[in-house]
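For reference, the structure discussed in these notes is given below.
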Amino acid sequence: MNAYVFVLLNFSVAFFSDLILNFLSSNTGSRFHKSRIIKSLQIYFKKRSIFRAGLDAGLTVIIVLIMCMVISKLILGYLVPNNWLQLLYFCIICFILGYIADIKIEDWKIFGNDLDNYYKVAGAGFWGALALVFSVVISFIKQKYFLAYFIKNGEKFIRK
Numbered sequence: 038m039n040a041y042v043f044v045l046l047n048f049s050v051a052f053f054s055d056l057i058l059n060f061l062s063s064n065t066g067s068r069f070h071k072s073r074i075i076k077s078l079q080i081y082f083k084k085r086s087i088f089r090a091g092l093d094a095g096l097t098v099i100i101v102l103i104m105c106m107v108i109s110k111l112i113l114g115y116l117v118p119n120n121w122l123q124l125l126y127f128c129i130i131c132f133i134l135g136y137i138a139d140i141k142i143e144d145w146k147i148f149g150n151d152l153d154n155y156y157k158v159a160g161a162g163f164w165g166a167l168a169l170v171f172s173v174v175i176s177f178i179k180q181k182y183f184l185a186y187f188i189k190n191g192e193k194f195i196r197k
C-alpha cells in the first residue's frame, strides 16, 4: 500500500468526519443525535468555519499518523499496514499515540479554550484515540479494496 495515498485518505476521513460532527452538534443536526459529547462540541464549531474545523481535524490526524507510521516502521518494519494482522498492530500504536495526543491537545490548549466543555464532558484521551483508529481503519479499507478495485478495473470504465 502506498504511504502517501494512506496519509491523504486519512486526511479526507478526518476532514469529512469533522463535517459530520459539526452537523450533528448543530441545532439542525441535534435532532438526529442526542449525545452530550457531540453537543459539547457546539462552542468549538461555532467559533470556526466548517472548512477550518475540517482542516484542523485533518492536519491533527496527519501529524499523529506520521508519528505512528515512524514508530511502526521502527518496531514492526512497515510504514503502512498491508493486511488485517498488520492493521491490528498498527491500530494498537495509533490508539496509544492518539490517546497521548488527545491529552496533550487538552493540556497545551492547541485549539484554545474552545474544547474545554468537550473535555469536561468526554474526558481527554479515549475519544481522540478512537477517532484516529477509526480514520486508519476506514482509510485502510478504502485503499486496499476500493482504490485497488478501481485501479484494477479502471480501463473497463474508461473504455465504456
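Residue 197 is where the sequence shown ends in my numbering, and the numbering goes up by one at each step.
Glycine is no exception: its CB is placed at the ideal position from the N, C-alpha and C atoms.
Remember, it's a predicted structure, so these values are computed and weren't measured experimentally.
Just verifying my parser: in three-state terms, what is the DSSP assignment at Y171? A small fix is needed here, since residue 171 is Phe in this sequence, not Tyr. Reduced to three states, the DSSP call for F171 is helix.
Residues near V101 by beta carbon distance below 7 Å, same chain, minus five either side: So the list reads L134, G135, A138, L169, once near-sequence residues are dropped.
Other residues of its chain near L152: CB distance less than 6 Å, five sequence neighbours each side excluded: Y81
Does the segment 45–57 come into contact with the segment 91–99, if we say contact requires no fewer than three beta-carbon pairs (one atom in each stretch) closer than 8 Å? yes
If N59 sits next to I87, beta carbons under 8 Å apart, how far is it from one beta carbon to the other, in whole angstroms? 6 Å
Put R30 into one of helix, strand or coil per three-state DSSP. There is simply no residue 30 to check, as the chain begins at 38 and stops at 197 in what is shown.
Would you mind sorting L61 into buried or exposed? The rule is 16 or more other CB atoms within 10 Å of its CB. L61 is buried by the Cβ-count criterion.
N154 lies in the alpha helix (DSSP H); which residues open and close that run? 153–159
Does the segment 117–133 come close enough to the segment 170–184 that 3 or more CB-CB pairs lie under 8 Å? yes
Can you look up V107 in the DSSP assignment and give me helix, strand or coil? helix
What is the C-beta distance between A51 and G95, in whole angstroms, given that I count them as a contact (C-beta under 8 Å)? 5 Å
DSSP on Y182, reduced to helix/strand/coil? helix
Kindly indicate which three-state DSSP category L61 falls into: helix, strand or coil? Under the three-state reduction of DSSP output, L61 falls in the helix class.
Which residues in the same chain as F69 place their Cβ atom closer than 6 Å to its Cβ, once the five residues preceding and following it in sequence are excluded? There are no such residues.
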